[in-house]
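Undergrad:
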Amino acid sequence: MWIVSKSIRLAALYPNHLNLNGDLANLLVLQKRLEWYGLEADVVYVEKPTDLTKFDVVLLGHGSRDAWSQLEDIDPELIPSVASLVSAGKKVMAVSSGYELLIEAIDGLVVKHSERVSEFRSHEEIVGYVNSEAELEPIRWTNDSLFTLFHGPVFAKNPDLADTFVGSLIAGLSAANEHFSKISELAEVSRKTAFED
Amino acid sequence: MSYLPALLVGRLVRIAVRLVRPGGGSALPGLVVSKLAPKLVFKTLNSFEKGLVVVTGTAGKSTTTKMLVAIARAHGLNVFTNPSTANIEQGFFSTIVRQANLFGKVPGNIAILEMDEGHAAQVVEKVKPKISVILNVFEDQLDRFVDPALVRDKLLDVARATYGTLILNADDQNCLLIADEVKSDSLFFGLGKEVQASVGSAMAYAPTYQDRLPRPKTVCSALTLEDRELELELHGEKTKVELPSRGVHFAVDALAALTAAKEILGDAFDLKLASETLNSLPPVFSRGEIKEVNGEPCEFILVQNPVSMQLNIDNLSLDQEQVFFAIGRDVHDPSWMWTVDFKKLKRVHTVSGFNYADAALLLAYNDVPVHCVEPEYFQAIDSFFALERPSNGIKTVIYSADAMRRMRRYLGFTDPEDVDRV
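Those protein sequence lines, which keep their order, are chains A and B. Letter 116 of the first sequence, counting from 1, is numbered 116 in our numbering, and no numbers are missing. Position in the second sequence (first residue = 1) + 197 = our numbering.
(1) For a minimum of 3 consecutive residues, which ranges assigned as the beta strand (DSSP E) are wholly contained in the stretch 491 to 545 of chain B?
(2) Looking at the secondary structure, which residues open and close the alpha helix (DSSP H) in which G227/B lies?
(3) Do H113/A and E133/A come within 7 Å of each other at the CB atom, strictly closer than that value?
(4) Can we say the stretch 160 to 170 of chain A touches the stretch 27 to 34 of chain A, given the rule of at least three CB pairs closer than 8 Å?
(5) Say yes only if the C-beta of E196/A is nearer than 6 Å to one or more non-hydrogen atoms of the ligand NAD, and no if none qualify.
(6) Whose C-beta lies closer than 7 Å to the C-beta of L186/A among residues of the same chain, with five residues either side of it excluded?
(7) Where does Y607/B land, buried or exposed, given buried means 16+ other C-beta within 10 angstroms?
(8) Since I believe I309/B is in contact with V250/B (beta carbons under 8 Å), could you give me their beta-carbon distance rounded to a whole number of angstroms?
(9) Is the separation between the beta-carbon of E662/B and that of L420/B shorter than 7 Å?
(10) Please list the segments of the beta strand (DSSP E) lying wholly inside the stretch 536 to 613 of chain B, counting only runs of 3 or more residues, in order along the chain.
(11) Output the distance between the C-alpha atoms of I331/B and P280/B, rounded to the nearest integer angstrom.
(12) Can you tell which of A583/B, W535/B, V490/B and F581/B has its C-alpha closest to the C-alpha of K157/A?
(13) Where does F385/B fall in DSSP's three states?
(14) What residue from R9/A, F147/A and N26/A has the CA that sits closest to A83/A's CA?
(15) Do A12/A and L24/A count as a contact pair if the criterion is CB distance below 7 Å?
(16) Kindly indicate which three-state DSSP category D42/A falls into: helix, strand or coil?
(17) Under 9 Å, CB to CB, which of the residues in the stretch 333 to 345 of chain B have a partner in chain A?
(18) Using Cβ-Cβ distances below 8 Å, what residues of the stretch 102 to 131 of chain A are close to chain B?
(19) Secondary structure at V166/A, three-state DSSP: helix, strand or coil?
(20) Closer than 6 Å by C-beta to L59/A: which residues in its own chain qualify, once you throw out the five before and the five after it? Chain order, please.
(21) Buried or exposed, going by whether 16 or more other CB atoms sit within 10 Å of the CB of T593/B?
(22) Looking at the structure shown, is V619/B part of a helix, part of a strand, or coil, going by DSSP?
(23) Which residue wins for smallest C-alpha separation from R412/B, given the options C372/B, L422/B and E428/B?
(24) Does the beta-carbon of D617/B have 16 or more other beta-carbons within 10 angstroms, so that it is buried, or is it exposed?
(25) For a cutoff of 7 Å on Cβ pairs, would you count V46/A as touching chain B?
(26) Going by DSSP, name the residue or residues bridged to W141/A.
(27) If we call anything under 7 Å between Cβ atoms a contact, is V130/A one with R121/A?
(28) Output yes if chain A places a C-beta closer than 7 Å to the C-beta of D555/B; else output no.
(29) Taking 7 Å as the CB-CB cut-off, is S532/B touching chain A?
(30) At a CB distance below 9 Å, what residues from the stretch 344 to 368 of chain B approach chain A? Give them in sequence order.
(31) Please go through the same chain and pick out, in chain order, the residues whose beta-carbon is closer than 7 Å to the beta-carbon of D464/B, but skip the five residues on each side of it.
(32) Using the beta-carbon count (16 or more within 10 Å), is W141/A buried or exposed?
(33) Please tell me whether L52/A and I8/A are closer than 7 Å, where the distance is taken between their beta carbons.
(34) Could you tell me the boundaries of the beta strand (DSSP E) in which T53/A lies?
(35) Assign T549/B to buried or exposed, taking buried as 16 or more other Cβ atoms, counted over all protein chains shown, within 10 Å of its Cβ.
(36) What residue from E573/B, F582/B, E428/B and H316/B has the CA that sits closest to R492/B's CA?
Here it is as structure tokens:
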């Protein structure tokens, strides 16, 4: 019998364009946590993707105005192809402007804008930094995909959210590794600190 | 209208603040005066015979302004300027309260002001600069600015309001976009080809994700840069200067300051005198500064944004044994720290500061071993400096601005932060 060692593949779409606030860190967090669960995981940088279905997780981060305007030119199929992954039940994480563009494609609507929010917010015990004008829920799940306005290392601050997101990949695995409890304590402090003056 | 009552109140507030908090409180007197006499600052800034010079952009404002003011003064100009901590409108009020006579007149025939890149656009609506120096746009303080393109838009407003000369960085595509929009006479400074090649990506300006605009001809360019020694050319004339500290960004600041000084002074400008003035500037505070604590040398490194953090981490010697890593309250949203590559940081001894949990998470997920996480900042400082001398390298402190101020005050260093030019 052949044993194929298959490592989990975490894809960062256009990391040079879509990491303005450190959203890519979420894949680093997933990679480490999967390792602590005894799995092997790689972060793969992806540009001009031809087939996104081969990845276990796909991250569409937040980019600047200039970055998106160039992406529209060089890869007009990007948003539709990520949207089809969401519909197919893959694990997509989309952040801030990535969330906005993806939701517009999926729901066929235009996201409304109001006054800009730039502060830590909490949503069902999940804490993260919002810096956006978009009128969107801070966290939204569609199938196995996670959309969030919380930018940057939201999985580092909310390890339970990270584990929920990769749920099926870690089902039945033990969180006995020494890292988990230490990290959970720090993350709890980090969530509290966010609201201290 | 007489500004006498407002200024008197401002002075009294200033005295009161100083009594309560020695060395602190530069914002309150300005705030009070800005309410009592809101037009004072603009009237004052409009009153200089040789006009207003604005220095703005994401990074290097303080150093460039300091250099430019020193050169202008060496040439006999009577300069009104602001301390680096007072670079927003309120700060101008405070500076004026401090320096004006009771009729609102401040000494000087030219104003050279550092302006925060977020506030400059509002100020120049009311006071048009004669000369504006626009240094760069970095991906910095995004919790304030959201998007670097918005910072560029604000700087474009400053450029449009400038009635004389625009001075811009030829190596930053953001500056070239601004020049392209304004289509007025602009002067450019920049690193020469050779220096550019040797620094690589050290100056990571905010990418514009657009076709690169051709590099314009520069009037001031770096020819060679070795350690602190910078050889440069200004309007065809060559000189050498010793920078106040190591780092390519100081070279860029010097080029900007010299270009502006020549533009202000015209024929009266003396490159030799200007170079000597730059040579005599004191080291720039706290970036890679080595000081003795308990008779033992310690390196103090200030990190304020992804660019400075990356540069400083990359410059660390590989086997630093005792590193203190403290991120304070000034880092409102610590997300940017996660854009930094920590490969060169082999270990950290102590993590502390207001944002210690975020800092510790950052290091844990980046596989940087940490010996101790100490939430109590002063306890952390005491324990760290009580450690025996490291056998490799010297003690190294990497801290954000707030953690720096607290530590310096606690260790009894005078002048906790201010780069005072007044």
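Every residue gets a Cβ at the ideal spot worked out from N, C-alpha and C, and that includes glycine.
TA: In short:
(1) 493 to 499 and 520 to 523
(2) L225 to L233
(3) yes
(4) yes
(5) Looking at this structure, you won't find the ligand NAD or any other ligand, since it has none at all.
(6) none
(7) exposed
(8) 5 Å
(9) Not covered by the structure: residue 662/B. The range shown for chain B is 198 to 619.
(10) 545 to 549, 567 to 570 and 592 to 596
(11) 18 Å
(12) W535/B
(13) strand
(14) F147/A
(15) yes
(16) strand
(17) E336, L339, D340, R341, V343, D344 and P345
(18) R116, S118, F120, Y129 and N131
(19) coil
(20) A12, L27 and M93
(21) buried
(22) In this predicted model, V619/B has a pLDDT of only 40, less than 50, meaning its place in the structure is not dependable; the value taken from the coordinates is given anyway. It is coil, neither helix nor strand.
(23) C372/B
(24) Per-residue confidence for D617/B stands at a pLDDT of 43, beneath the threshold of 50, marking its modelled position as unreliable; no derived number is given.
(25) no
(26) L146/A
(27) yes
(28) yes
(29) yes
(30) D344, P345, A346, L347 and R349
(31) none
(32) exposed
(33) no
(34) Looking at the DSSP string, T53/A is not in any beta strand (DSSP E), and its letter there is neither H nor E.
(35) Position check: residue 549/B holds Ser in this sequence, whereas Thr was assumed. Under this definition S549/B is a buried residue.
(36) The question names Arg, but residue 492/B is Gly in the sequence shown. The option with the nearest alpha carbon to G492/B is F582/B.
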